[in-house]
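>
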Amino acid sequence: MMPTCSNTTLGKYLQRRFASKTWEHTRLRKKPSGAGDRILTDASEVFQFNAWDHVQWDTEQEEAAQAAVEKNSTVKMSDDQRERFQSDAPKFWNSFYGIHDNGFFKDRHWLLTEFPELAPNEANDKTQARSIFELGCGVGNTIFPILELSSETQLRVYGCDFSERAIEILRSQRQFDAKRCEVFVMDATEEQWQVPFEENSQDIIVMIFVLSAIEPSKMQRVLENCYRYLKPGGLLLFRDYGRYDLAQLRFKSGKCLEDNFYVRGDGTMVYFFTEQEIRDMFSKTGLKEEQLIVDRRLQVNRGRGLKMYRVWIQTKFRKPL
1088 MMPTCSNTTL GKYLQRRFAS KTWEHTRLRK KPSGAGDRIL TDASEVFQFN
1138 AWDHVQWDTE QEEAAQAAVE KNSTVKMSDD QRERFQSDAP KFWNSFYGIH
1188 DNGFFKDRHW LLTEFPELAP NEANDKTQAR SIFELGCGVG NTIFPILELS
1238 SETQLRVYGC DFSERAIEIL RSQRQFDAKR CEVFVMDATE EQWQVPFEEN
1288 SQDIIVMIFV LSAIEPSKMQ RVLENCYRYL KPGGLLLFRD YGRYDLAQLR
1338 FKSGKCLEDN FYVRGDGTMV YFFTEQEIRD MFSKTGLKEE QLIVDRRLQV
1388 NRGRGLKMYR VWIQTKFRKP L
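Structure (structure tokens):
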């Protein structure tokens, strides 16, 4: 147990305690730095930082997660309830953004680390045209970092969302640059997309925590349209919720629409994927897998001594030339 001591003494204690580590204790301790991936090898150090990467689950933890999901999904919503939440999805998301404005999901410090393809490549000719389309752009938490960091004169960024309120908020932000960015309202589940660009035209399509908000029966259609608008050689970047994520385990009975598909308290919907489901759906379109990882992360609340296990799936699939 760590001794009770003054701040000065505590600092000296930590220096001795972690003298063999190359980690830096940053002010907010969001993650240990200086040692690459944040791998927890000593359980006694779990509360030294706020997050750890590539956490391994044992059989007991996996079985406990399965039992929690079985319990909260035993009772399914009625067909009428399911139809209401699906048909009114834009209304619920408009309400969501009406409450949260631009203050939700704002911290995407990981974006360019996980998807460096979105960052400008200074070695390339900055005048070379490049086009990026984000599906489910919300209030611009992915679009704005791209615009702010890029000095490419021929960069064109597009974004759509089926929430009118989200698009209004995005356009009102000081970072919005109408010369390089065009955003619009669109329901991505429609068979024919109404978009301001041609088929086979997008270098990159981005989907971050978007597919999970769509009813499972329409997911394949969305991915097929992504394939249609990617240019040959173009890349689809994807990150979303994985099966047994903390958010799934926290659902109460009666919130389940269908297996692994739930309604939150604000009326928005969310699905939790397996690695194989994603691989099957993406590959079925003709896209070729370049990356598919299950990101199991341990986040901790050091003040309250809580451990929170998150599960995300991240992929990169490319359209063949």
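Just so we're on the same page, my numbering is the position in the sequence shown counted from 1, plus 1087. Note that CB positions come from ideal geometry on N, CA and C, so glycine has one too.
1. Alpha carbon to alpha carbon, how far is methionine 1244 from methionine 1294?
2. Tell me which residues share the same chain as glutamate 1377 and place their Cβ nearer than 7 angstroms to its Cβ, disregarding the 5 neighbours each side in the sequence.
3. Cysteine 1224 bridges to which residues according to DSSP?
4. For valine 1297, which of Gln1215, Ser1250, Pro1203, Gln1279 has the nearest alpha-carbon?
5. Which residue spans inside the segment 1266-1296 form an unbroken beta strand (DSSP E) run of at least 3?
6. Only counting the same chain, and skipping five residues up and downstream in sequence, which positions put a Cβ closer than 7 angstroms to that of lysine 1375?
7. Mind checking leucine 1236: buried by the 16 CB within 10 Å criterion, or exposed?
8. DSSP three-state label for methionine 1395, please.
9. With a CB to CB cut of under 6 angstroms and the five nearest residues on each side skipped, what residues in its chain are close to glycine 1354?
10. Candidates Ile1254, Leu1257, Leu1199, Glu1170: which alpha carbon is nearest valine 1324's?
11. CA-CA distance, asparagine 1287 and glycine 1321?
12. Just to confirm, are tryptophan 1345 and isoleucine 1400 a CB contact at a threshold of 8 angstroms?
13. If you drop the 5 nearest sequence neighbours on each side, which residues of the same chain put their C-beta closer than 7 angstroms to that of threonine 1276?
14. Within 10 Å of its beta-carbon, does leucine 1393 have 16 or more other beta-carbons around it, so buried, or fewer, so exposed?
15. Buried or exposed, going by whether 16 or more other CB atoms sit within 10 Å of the CB of phenylalanine 1136?
16. Which residue wins for smallest C-alpha separation from leucine 1317, given the options Tyr1328, Thr1372, Val1387?
17. Look up aspartate 1382 in the DSSP assignment and give the residues it is bridged to.
18. Under a Cβ-count criterion, where at least 16 other Cβ atoms within 10 Å of its own Cβ denotes burial, should valine 1172 be classed as buried or exposed?
19. Quick one: what's got a C-beta closer than 7 angstroms to glycine 1390's C-beta in the same chain, skipping five residues either side?
20. Where glutamine 1335 and phenylalanine 1359 are concerned, what is the direct C-alpha to C-alpha distance, given to the nearest angstrom?
21. To the nearest angstrom, how far is it from the Cα of valine 1350 to the Cα of valine 1133?
22. Leaving out five residues on either side along the sequence, give the residues of the same chain with a beta carbon under 6 angstroms from the beta carbon of tyrosine 1331.
23. Rounding to the nearest angstrom, what Cα-Cα distance links cysteine 1468 and isoleucine 1292 in this structure?
24. At what residues does the alpha helix (DSSP H) containing arginine 1366 begin and finish?
25. Do you know offhand how far aspartate 1327's Cα is from leucine 1379's?
26. Are cysteine 1268 and leucine 1222 close, meaning C-beta to C-beta below 8 angstroms?
According to the structure shown:
1. One point to set straight first is that residue 1244 is valine, not methionine, in the sequence displayed. Distance between the alpha carbons of valine 1244 and methionine 1294 is about 14 angstroms.
2. Lys1403, Phe1404, Arg1405
3. None, per the DSSP bridge assignment.
4. Of Gln1215, Ser1250, Pro1203, Gln1279, the residue nearest in Cα terms is Ser1250.
5. 1268-1272, 1289-1295
6. Phe1404, Arg1405, Pro1407
7. exposed
8. strand
9. Residues Phe1179 of the same chain have their beta carbon placed closer than 6 angstroms to that of glycine 1354, with the five preceding and five following residues left out of the count.
10. The identity of residue 1324 in the sequence shown is leucine, whereas the question assumes valine. Residue Leu1199 is the option with its Cα nearest to leucine 1324.
11. 9 angstroms
12. Note on identity: in this sequence residue 1345 is glutamate, with tryptophan being the wrong assignment. The answer is no: Cβ separation not under 8 angstroms.
13. Same-chain partners within the cutoff: Ile1301, Lys1305, Arg1308, Val1309.
14. exposed
15. buried
16. Thr1372
17. Answer by DSSP bridge pairing, in chain order: Trp1399.
18. The question names valine, yet the displayed sequence has phenylalanine at residue 1172. Phenylalanine 1172 is buried by the Cβ-count criterion.
19. none
20. Straight across, the Cα-Cα distance linking glutamine 1335 with phenylalanine 1359 is about 7 angstroms.
21. Here the C-alpha atom of valine 1350 lies approximately 32 angstroms from the C-alpha atom of valine 1133.
22. Ala1152, Val1398
23. Residue 1468 lies beyond the residue range present for the chain, which begins at 1088 and ends at 1408; the question has no answer from this structure.
24. 1362-1372
25. 12 angstroms
26. no
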